[in-house]
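>
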Amino acid sequence: MATVSWDAPTGRAERQLGAVTRIGRSPQNEVFIPDTAMSGCHARIVREGDAWALEDNGSTNGTVVNEQRVSRCVLRDGDAILVGRTKLTFHTDQAEAQAAPGPAAQGTAAPAAAYTTLWRKRQEGAAAPASASRPGDGSPSPAMGALALDQLFRGDVAYDRVSSVNSVAFVASATATAEGDPVQLARRLKAVYEISRATAATLDTSEILDRVLGAIFEIFEAADRAFILLVDPRTHEVHTAAARNRGGGTGAERGISRTALERAMRDREAVLCRDAATDARFADAVSIAGLGIRSLLIAPLVFRDEVLGAVHIDSLHGGRTFSRADVELLCVAASEVAGCLANARLHDQVVASERLAAVGQTLAGLTHCIKNILQGIKGGEFILEKGLEKGNLERVRTGWEMVRRNNAFMEELVYDLLTYSKQRAPECAPTDLNALCEETCRLVAERAKSQGVPLTFTADPSLGLVEVDPKGIRRCLLNFVTNAIDACAGRGGAVSVEARGLAEDGFVRIVVRDTGCGMSRETLAKLFSVFFSTKGSKGTGLGLPVSQKIVEEHGGRIDVESQEGKGTTFTLCLPPHRPQTTEL
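For the sequence shown, my numbering begins at 11 and goes up steadily by one.
What follows is the structure, given as structure tokens:
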């Protein structure tokens, strides 16, 4: 089984992959993400035997895997996929990840197996093999392990202070090597690799902690319970953020040793109690013996100068105890977890800041629009009052027309805001697109004539009834046609509207083309941004974002081509049948 996960507005989302899984901002995709930086159908993941291949669908902004732009690549467990502004993480079973063929799978075997082979060869006097990790991957590679083990055997490195991704593997190597057990080395290295992968694969704190606890039981056979405790940054109180019992449940009913925990966090050093019954340090602390704890090990979670919490593991059976090697191993694991928790906290702060910035931008845009409308109403009110005072009916009509026009502008603004902010399913009905386009052109014909812009419509006789929301599509088409007329006004340009039947890609099309002023690359990049308008006070900056939303709710997309000084073409690509709802 394989899945992709990402941060959605409602929390962490996950989708199991099928034979073909499409990713994009159109609801018809299996992975639907309303990210305006994505293409309608941005990319897809295809199963090929036991492997999974990612293919970019010729998207505008491209697809990036582990910080490298790709058109196609074979995925591995934990790969980071960037589509638009959204980061997805690929997950698969370890067996499938090892079986993935092709260049992208080279050097992806479980690190533990490579380290065990290296250890045995080193014992036999063979040279350490060199191999490279996958570019852009944050996981430890056999080359890292080769260097660490080689240094360890020569005695060149003291392993009490190491960092970065391969630190976990290195300390685990030192631990198992000291014990002289290559099998134990392989098991522990694999488990610590899982901790590193778990902390790198997500920024969701609860998911990180749950995965880490699972890996801890793989590392420490003596552990019956494991806890991760965190310090609340506001109240500075310590609370249990995650707990697990080897036999099932949380194991929290017996509690933990607060005395040992406080000592570890205060001194910022690991605390090892091999035998609670004979340890003089805790003779006055009834908590350990009273809780039935036989042996415990606590490592503080320290990031830079801040104590974020601690990892607490203990044994409830007299025959199980922790060793000094376990202390080294847990300290490095705790260091990895602390760094990841700090990153997750920073990410939350950035998201909150961006949310506030978006709210501020929205309010600024709204204020600007409303201010312009109110000024128009106020000007009309003034002319209307003067006309009434002097009994000038012509002035009254002029003032009233200004008030009426700005009231309609305000109504349009409110309606656009409601449409943009509320998720809705289109009210689809069998519709004659030829007739809808022709009717829309008639509605704006007078406007085009008054501005000296020729407007033509070309129907497609082969285009039958299609299932669309006629009100929504008419609204989109009105936006595009009126924009096209405004772009041609005073420049001698012309506007044409054309309906096209079903194409090979399964879409019908409405093409709105003008030979007006065109747009620069900078304008095109911001075209569908909320409150961005090239019309100044005459536009709300919501028309195109609302139109894009309506089309995407249909499962379609909008293609734009423009050349400055030569004109612009908007193409509405619509599925001929109502979109199927997708459950994530």
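Just so it is clear, CB atoms sit at the ideal spot from N, CA and C, and this is done for glycine as well.
Buried or exposed, going by whether 16 or more other CB atoms sit within 10 Å of the CB of G500?
G500 is exposed by the Cβ-count criterion.
> Are there 16 or more other CB atoms within 10 angstroms of the CB of L473, so buried, or fewer, so exposed?
That one is buried.
> Is the beta carbon of G21 less than 8 Å from the beta carbon of E40?
No, the Cβ-Cβ distance between G21 and E40 is not below 8 Å.
> Where E65 and R235 are concerned, what is the direct C-alpha to C-alpha distance, given to the nearest angstrom?
Between E65 and R235, the C-alpha separation is close to 43 Å.
> Is it true that the CB of I308 sits closer than 8 Å to the CB of A320?
Contact flag set, yes.
> Thinking just about the alpha-carbon of each residue, which of H322, F313, L446, D315 is nearest to the one in A270?
Checked all of H322, F313, L446, D315; the closest Cα to A270 is H322.
> Could you spell out the range, first to last residue, of the beta strand (DSSP E) harbouring I568?
Residues 567-573.
> For a quick check, are the C-beta atoms of D45 and R95 less than 8 Å apart?
Yes, they are a contact pair.
> Just to confirm before moving on: does the CB-CB distance between L98 and S15 stay below 8 Å?
Closer than 8 Å, so yes.
> Quick one: measure Cβ to Cβ for G577 and G526, integer angstroms, because I've assumed they're closer than 8 Å.
Indeed, because the Cβ distance is near 6 Å, the residues count as touching under 8 Å.
> Going by C-alpha to C-alpha distance, which of G502, E563, L582, I568 sits closest to G511?
Comparing Cα positions, the closest option is L582.
> So, is L537 buried or exposed, given that buried needs 16 or more other C-beta atoms within 10 angstroms?
L537 comes out buried.
> Which stretch, first to last residue, makes up the alpha helix (DSSP H) that contains F332?
Careful: F332 lies outside any alpha helix (DSSP H) and carries neither H nor E.
> With a cut-off of 8 Å on the beta carbons, I'd call A233 and D324 a contact; round off their distance for me.
With 8 Å as the limit, A233 and D324 qualify as a contact, their Cβ atoms being about 7 Å apart.
> Counting only the same chain and skipping the five closest in sequence on each side, list residues whose C-beta sits under 7 Å from that of S363.
For S363, where only same-chain residues beyond five positions count, there are no Cβ hits under 7 Å.
> H52 and V93 - do their beta-carbons sit closer together than 8 Å?
Yes; because the gap between Cβ atoms is below 8 Å, this pair is in contact.
> Please classify E77: does DSSP put it in a helix, a strand, or coil?
Note: E77 maps to coil in three-state DSSP.
> Could you say if the stretch 390-410 and the stretch 342-357 meet the contact criterion of at least three C-beta pairs nearer than 8 Å?
Taking 8 Å as the limit for Cβ pairs, the verdict is that the stretch 342-357 does not touch the stretch 390-410.
> On the DSSP bridge assignment, give the partners of T581 in chain order.
BP columns for T581 point to V521, D569.
> Output needed for A63: all residues of its chain with C-beta closer than 6 Å, excluding positions within five of it in sequence on either side, in chain order.
Only V56, V84 meet the Cβ criterion.
> Under a three-way DSSP split, which group does T31 fall into?
Note: T31 maps to strand in three-state DSSP.
> Among the residues of its own chain, which have a CB less than 6 Å from the CB of G553, if the five just before and after it don't count?
Cβ neighbours of G553 beyond the five flanking positions: N489.
> Taking D515 as the reference, give the member of G566, D242, A497, S506 with the closest Cα.
The residue with the shortest Cα to Cα distance from D515 is G566.
> In the DSSP assignment, find the beta strand (DSSP E) that holds I308 and state where it starts and stops.
Run containing I308: 305-313, per the beta strand (DSSP E) assignment.
> Buried or exposed: E395, going by 16 or more other Cβ atoms within 10 Å of its Cβ?
By the neighbour-count rule (16 or more Cβ atoms within 10 Å), E395 is not buried but exposed.
> For T466, which of H249, P480, E508, A18 has the nearest alpha-carbon?
If we check each option's Cα against that of T466, E508 comes out closest.
> When the Cα atoms are used, what is the spatial distance from V347 to I229?
So the alpha carbons of these two residues sit roughly 15 Å apart.
> Within 10 Å of its beta-carbon, does E338 have 16 or more other beta-carbons around it, so buried, or fewer, so exposed?
Buried.
> Let me check understanding here. Comparing Cα to Cα, which of N417, R415, V476, T450 lies closest to C438?
Here the closest residue by C-alpha is V476.
> Tell me which residue opens and which closes the alpha helix (DSSP H) that N402 is part of.
Segment: none, N402 is in no alpha helix (DSSP H) and carries neither H nor E.
> Can you tell me whether P19 is buried or exposed? The criterion is at least 16 other CB atoms within 10 Å of its CB, across all chains shown.
Looking at its Cβ environment, which holds fewer than 16 other Cβ atoms inside 10 Å, P19 is exposed.
> Check the C-beta distance from V252 over to I266 and give it rounded, since I have them as a contact under 8 Å.
Residue 252 is actually Ala in this sequence, not Val. The Cβ separation is near 13 Å, so there is no contact.
> List the whole-angstrom C-beta distance separating D87 from T102, where the pair is believed to meet the contact cut-off of C-beta under 8 Å.
Right, their Cβ atoms sit about 5 Å apart.
> Compare the Cα-Cα distances from R334 to each of R314, G409, R284, D569 and report the closest residue.
The option with the nearest alpha carbon to R334 is R284.
> Looking only at C-alpha atoms, which of N255, T245, R244, D242 sits nearest to F227?
Of N255, T245, R244, D242, the residue nearest in Cα terms is N255.
> Short check: CB of L534 to CB of V570, under 8 Å?
Yes, Cβ-Cβ distance for L534 and V570 is below 8 Å.
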